[in-house]
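Protein chains in written order, with the UniProt record's numbering: chain A, 1 to 271; chain B, 1 to 271. Every residue, glycine too, gets a C-beta built ideally from N, C-alpha and C. The model shown is predicted, which means the values in this text are computed figures rather than measured ones. I have placed the structure first, in the form of structure tokens, so that the comments after it can refer back to it.
What follows is the structure in structure tokens.
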């Protein structure tokens, strides 16, 4: 598959790169259709925010230019963008100045079963909890061992996603996705100032809900609230929205607000 | 500098390696003198334990064989050993079976100022706190953004190390080292079941203290206990022991127990 390193075809990086040594970098997983990038502005905005918070001096204009050229060549599929702080001498101290590394990797668009979007998915209740680290919360950084451990907890193909909670039991997100509840017509999603990844599709859904005049809350969510919710759905930047139909013994119907937002998001991703 | 990938000279790895994608791996920083590996058994034991906890099926005999051959060729310096889960398809799910990647990198032994060992060092009080994640606590894994952020907090060359506390303020370790206190003749170090790295030199010092019949405690340590300690010292696998002489306005003398253990450890590292 197509792979670029610093704008040129390549599939290798140095063993001295800080992305490997410390997970010192960020990534984006991006849907590409007909050479066009879905949610481009949101991906670039999140990447820029991540670089700012980690003090990685990435040339954002160059990065976007490369991503667009890569997408044009890819046509249809998934573009994974990875940025690291680049190489450094031994030790944690960030090199000054740093020369960030830019990686673009192509993958085919996953073949998700149609029933995931239609009838909804079952959530696996992950025992792995998300640690609270406000300095990294919200970022899609390269320190992802918690997700690796959580995803390794189940092999049952009936569970398309896992539910991740924080160390005090609050409901946060899926392993690969963000989570929304509908309670009494209000849209509710976890506040992500202590842990979790602030997905670009989550941001888009919040924007669309605001446009529709729906009441929205981004705040702490207890497990009891999840169980009491009228509707539950997942989102990410590749599949848009999947209803959640089950978590252990709790079953949910696919609700009207889920369907409405799902249709809006499907249009956005198929443009 | 000398660099091996899977036992052969090499300086590159695939952009699809999970070490880069997720920090899905472990490392060891190892002192080598005259081709001999200091604390070999302890490094191998920690690596094996890390592989077990992350379910990385590393061939430990092969790894040790490679490390010893590498050290023989290096002669004097630092060998950095990195193991990743290897390449995988897109997504967090660990590939079955996995083919771990083995990397060995050489660096010169750092030229530490002699006064660090003699008069002691000043600690910088890091604002970056360690998140609590029991599933990863103790491991020297590749998710090290907290250390990167902590080390970026100070440029003052007068501070040779930074003090890291957990999110509730307990005293845990240095950015590159473990921390010991002496209080009333007892040796005290942080218990590492929620966060922190269980250093091989920490393990060696606990062993040596036990051999000397010193009372030892590994438990939670408050900031007040640190400030009230009679002696404070740092340790890691390259420099052995450095006394701590200052943290902000608090000054410590270099105490007798610190000197005693420092001499023992110096002998071990110079063998």
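Contacts around residue i, its chain only, beta-carbon distance under 8 Å, and the 5 residues preceding and following it disregarded
i, result
"residue 257 of chain A", "182, 185, 187, 214 and 231"
"residue 38 of chain A", "30, 31, 32, 237, 268, 269 and 271"
"residue 134 of chain B", "193 and 194"
Candidates the options, of which the one nearest residue i by Cα
i, options, result
"residue 259 of chain A", "A:172, A:180, A:124 and A:195", "A:180"
"residue 48 of chain B", "B:205, B:64 and B:36", "B:64"
"residue 4 of chain B", "B:58, B:16 and B:73", "B:73"
"residue 198 of chain A", "A:237, A:161, A:169 and A:210", "A:237"
"residue 272 of chain A", "A:201, A:114 and A:152", "Residue 272 of chain A cannot be examined here, being either before or after the span of chain A that is shown, 1 to 271."
"residue 115 of chain B", "B:239, B:265 and B:267", "B:239"
"residue 278 of chain A", "A:158, A:113, A:195 and A:67", "With chain A running from 1 to 271 in the structure shown, residue 278 of chain A is simply not present."
"residue 40 of chain A", "A:263, A:249, A:246 and A:204", "A:204"
"residue 194 of chain B", "B:207, B:171 and B:81", "B:171"
"residue 168 of chain A", "A:68, A:89 and A:220", "A:220"
"residue 252 of chain A", "A:263, A:262, A:233 and A:269", "A:233"
"residue 177 of chain A", "A:118, A:242, A:255 and A:224", "A:242"
"residue 59 of chain B", "B:7, B:133 and B:227", "B:7"
"residue 90 of chain B", "B:13, B:18, B:153 and B:209", "B:18"
"residue 227 of chain A", "A:28, A:9 and A:244", "A:244"
"residue 266 of chain A", "A:250, A:154, A:208 and A:16", "A:208"
"residue 254 of chain B", "B:152, B:120 and B:216", "B:120"
"residue 110 of chain A", "A:160, A:97 and A:67", "A:160"
"residue 156 of chain B", "B:14, B:125 and B:173", "B:125"
"residue 154 of chain B", "A:94, A:53 and A:189", "A:94"
"residue 96 of chain A", "B:152, B:206 and B:196", "B:152"
"residue 69 of chain A", "A:9, A:173 and A:229", "A:9"
"residue 235 of chain A", "A:206, A:52 and A:67", "A:206"
DSSP bridge partner residues for residue i (one or two, in chain order)
i, result
"residue 122 of chain B", "B:159 and B:246"
"residue 272 of chain B", "The shown model of chain B, from 1 to 271, leaves out residue 272 of chain B, and the question about it has no answer."
"residue 104 of chain B", "B:4 and B:81"
"residue 141 of chain B", "B:26"
"residue 165 of chain B", "B:129 and B:171"
"residue 31 of chain B", "B:78"
"residue 9 of chain A", "A:4"
"residue 17 of chain B", "B:87"
"residue 219 of chain A", "A:190"
"residue 195 of chain B", "According to DSSP, which records beta bridges pairwise, residue 195 of chain B is partnered with nothing at all."
"residue 231 of chain B", "B:182"
"residue 36 of chain A", "A:33"
"residue 205 of chain A", "According to DSSP, residue 205 of chain A bridges with nothing at all."
8 Å Cβ cutoff met for residue i and residue j
i, j, result
"residue 218 of chain A", "residue 191 of chain A", "yes"
"residue 112 of chain B", "residue 175 of chain A", "no"
"residue 36 of chain A", "residue 71 of chain A", "yes"
"residue 216 of chain A", "residue 225 of chain A", "no"
"residue 15 of chain A", "residue 28 of chain B", "no"
"residue 262 of chain B", "residue 61 of chain B", "no"
"residue 13 of chain A", "residue 13 of chain B", "yes"
Proximal residues to residue i (C-beta, below 7 Å), its chain only, five neighbours per side dropped
i, result
"residue 107 of chain B", "1, 77, 78 and 80"
"residue 50 of chain B", "26, 139, 140 and 141"
"residue 264 of chain A", "208"
"residue 45 of chain B", "none"
"residue 53 of chain A", "139"
"residue 67 of chain A", "37, 79, 81 and 104"
Residues of its chain near residue i, where Cβ-Cβ distance is below 6 Å and the 5 sequence neighbours each way are ignored
i, result
"residue 247 of chain B", "123"
"residue 56 of chain B", "85 and 100"
"residue 189 of chain B", "180 and 218"
"residue 75 of chain A", "35"
"residue 250 of chain B", "227"
"residue 173 of chain B", "164, 179 and 196"
"residue 229 of chain B", "181 and 183"
Problem - Contact between the segment 15 to 34 of chain B and the segment 120 to 129 of chain B (3+ Cβ pairs under 8 Å) - result: At 8 Å Cβ cutoff, the stretches do not touch.
Handout entry: Three CB pairs or more closer than 8 Å across the segment 101 to 108 of chain A and the segment 133 to 151 of chain A
Key = Taking 8 Å as the limit for Cβ pairs, the verdict is that the segment 133 to 151 of chain A does not touch the segment 101 to 108 of chain A.
Handout entry: Cβ contact (3+ pairs, closer than 8 Å) linking the segment 142 to 155 of chain B and the segment 15 to 23 of chain A
Key = In this structure the segment 142 to 155 of chain B touches the segment 15 to 23 of chain A; the number of beta carbon pairs closer than 8 Å is three or more.
Exercise for the section: Please determine if the segment 85 to 93 of chain A and the segment 148 to 156 of chain B are in contact, where contact requires at least 3 C-beta pairs separated by less than 8 Å. Expected result: The segment 148 to 156 of chain B and the segment 85 to 93 of chain A touch, with three or more beta-carbon pairs separated by less than 8 Å.
Exercise for the section: Pair every Cβ in the segment 157 to 174 of chain B with every Cβ in the segment 157 to 171 of chain A, then say whether three or more of these pairs are closer than 8 Å. Expected result: The segment 157 to 174 of chain B is not in contact with the segment 157 to 171 of chain A.
Practice task
Would you list, in chain order, the members of the segment 5 to 18 of chain B that have their beta-carbon closer than 9 Å to a beta-carbon of chain E?
Solution key: No chain E is present in this structure, whose protein chains are A and B.
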